[in-house]
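Residue numbers (my numbering): -1 to 314.
We put the beta carbon where it would ideally sit given N, CA and C, even for glycine.
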C-alpha cells in the first residue's frame, strides 16, 4: 500500500454541472404566437365580412407591419421574461406545465379583447380632451406598450409565480449559448427600432417622408428592420463567447438600452443634418434619405459592440 505523495497538487473540488436553458420559455412563446395568430385571424375575418378595405395594398402598407411587429414583440417579451424568472429562482422546469400553458393561452386570448374595449373608450376621451394631434398619437404609442405589458407580460409573471410550487429547483450553473443571446439582443434592438420608427412615422405623417414613400412607410420599416437584425446578430455573435454563464436578462436589457440610446442619438444628429441639407437644397431627397439610412446601418456595428461591452459583462 503506497502513501499519497505530499508534494502532489491538491485535487480540485467537484464543480456543479452546467445546465442548459429550460424548454418551457419556448413552449410559452409558441402559445403566445398561436393565440396572437388566432386573434389576428378573427380580426381579419371580421374585417372581410364587413368589406373593410379589401385592397391588398392596404394590408401591405399598414396592417402587415403592425401585426409582424406585434408577433416579434410578443415572442421576444415572453421568452425574455420566462428565462429571467426561472433563472432568478433557479427553476429547471415545471413538472406539469400543461396547466400553466393552457392558463396563459386563455389569458392571452381573452385579455386583449377586454383591454381593447377599455382602451378604445379611453382613446375617444383623449381625442375629445386634447387638441394637439401629435401629442395624442404619441400617447397612443405609449398606451399600446402599456396594454402589451398588461395582456402579455403581467399574466405570464402571475402564472409562473402561481405554479411555482410545481417547479424543480436546482443549484447548477446555467450555461447559455452565445448564439441564443445574440438572437435575443438583435431581436430586442429590432423591436425597439420598429416601435420608435412607428411612432416617428405617425408623428411625421403628411410631411416629406410620407409624401416620398406614399404610404409604404410600414413596409420600408420592416425591410430596414431585417437589415438591422442581421447586422446586430452577427456583431453580437462575434462579441460573445460560444457559451455564457447565465442568461442575465437585466444586463442584456441594459446593453440593448445603451445601444439604442447611442443609435437614436446618431439618428437625431443625422436627421438634423438631413433637414439642413434639404433646407439649403443641397441634394435630392431620396438620395439623401438612402445615404443616411446606410450610415445608420453602418453605425449599428460599433454601437452594438460598445453596448455589449458596457452593459453586458460576459462570464464565460
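Point to revise | Residues bridged to residue 173 (per DSSP) | key: As a working mapping, residue 173 is identified with position 175 in the chain shown. DSSP, once it has assigned bridges, lists 243 as partnering residue 173.
Check your understanding: For residue 206, which residues from the same chain have a beta carbon less than 8 Å from its beta carbon, with the 5 sequence-adjacent residues on both sides left out?
Key -> Numbered from 1 along the chain shown, position 208 holds the residue referred to as residue 206. Reliability of the predicted coordinates at residue 206 is poor, the pLDDT of 43 falling under 50, and the value obtained from them is presented with this limitation in mind. Closer than 8 Å at the Cβ level, and outside the excluded window around residue 206, lie 276 and 283.
**Study point:** Extent of the continuous beta strand (DSSP E) run through residue 166
**Key:** As a working note, residue 166 is residue 168 in the chain shown. Unbroken beta strand (DSSP E) run through residue 166: 165 to 167.
Check your understanding: Buried or exposed: residue 149, going by 16 or more other Cβ atoms within 10 Å of its Cβ?
Key -> Looking up residue 149 in the chain shown gives position 151. The residue in question, residue 149, is buried, as its Cβ has 16 or more Cβ neighbours within 10 Å.
**Study point:** Where residue 310 sits in the DSSP three-state scheme
**Key:** Position 312 of the chain shown, counted from the first residue, corresponds to residue 310. Residue 310 falls in the coil class under three-state DSSP.
**Study point:** The beta strand (DSSP E) enclosing residue 90, as first and last residue numbers
**Key:** Position 92 of the chain shown, counting from 1, holds the residue named residue 90. Counting along the chain, the beta strand (DSSP E) containing residue 90 begins and ends at 89 to 92.
Check your understanding: Can the beta-carbon of residue 383 be found less than 7 Å from the beta-carbon of residue 241?
Key -> The structure shown does not extend to residue 383, since the chain spans only -1 to 314, so no value can be given for it.
**Study point:** Under 7 Å between C-beta atoms of residue 172 and residue 17
**Key:** The residue given as residue 172 occupies position 174 in the chain shown. The residue given as residue 17 occupies position 19 in the chain shown. Contact flag set, yes.
Check your understanding: Which term fits residue 204, buried or exposed, when burial requires 16 or more other beta carbons within 10 angstroms of its beta carbon?
Key -> Counted from its first residue, the chain shown places residue 204 at position 206. Confidence at residue 204 is low in this model, with a pLDDT of 45, below 50, so its placement is unreliable and the value that follows should be read with caution. The residue in question, residue 204, is exposed, as its Cβ has fewer than 16 Cβ neighbours within 10 Å.
Review point. In the DSSP assignment, what are the bridge partners of residue 17?
Key: Translated into positions along the chain shown, residue 17 becomes position 19. Looking at the DSSP assignment, residue 17 forms a beta bridge with 172.
Exercise for review: In the DSSP assignment, find the unbroken alpha helix (DSSP H) run with residue 35 in it and report its ends.
Suggested key: Position 37 of the chain shown, counted from the start, is the residue given in the question as residue 35. Per DSSP, residue 35 belongs to the alpha helix (DSSP H) from 22 to 47.
Practice item. Below 8 Å on the Cβ atoms is my guess for residue 26 versus residue 154; work out the distance and round it to an integer in Å. Key: Residue mapping note: residue 26 aligns to position 28 of the chain shown, counting from 1. Residue mapping note: residue 154 aligns to position 156 of the chain shown, counting from 1. About 7 Å; that satisfies the 8 Å criterion.
Review point. Three or more C-beta pairs closer than 8 Å, one from the segment 179 to 187 and one from the segment 245 to 264: is that the case here?
Key: yes
Point to revise | Sequence-distant residues of its chain with Cβ nearer than 6 Å to residue 112 (five each side left out) | key: Position 114 of the chain shown, counting from 1, holds the residue named residue 112. The answer is none, since no qualifying residue turns up.
Check your understanding: Would the beta-carbon of residue 23 fall within 7 Å of that of residue 72?
Key -> For the purposes of this step, residue 23 is identified with residue 25 of the chain shown, where counting begins at 1. For the purposes of this step, residue 72 is identified with residue 74 of the chain shown, where counting begins at 1. No, the pair does not count as a contact, with Cβ atoms beyond the cut-off.
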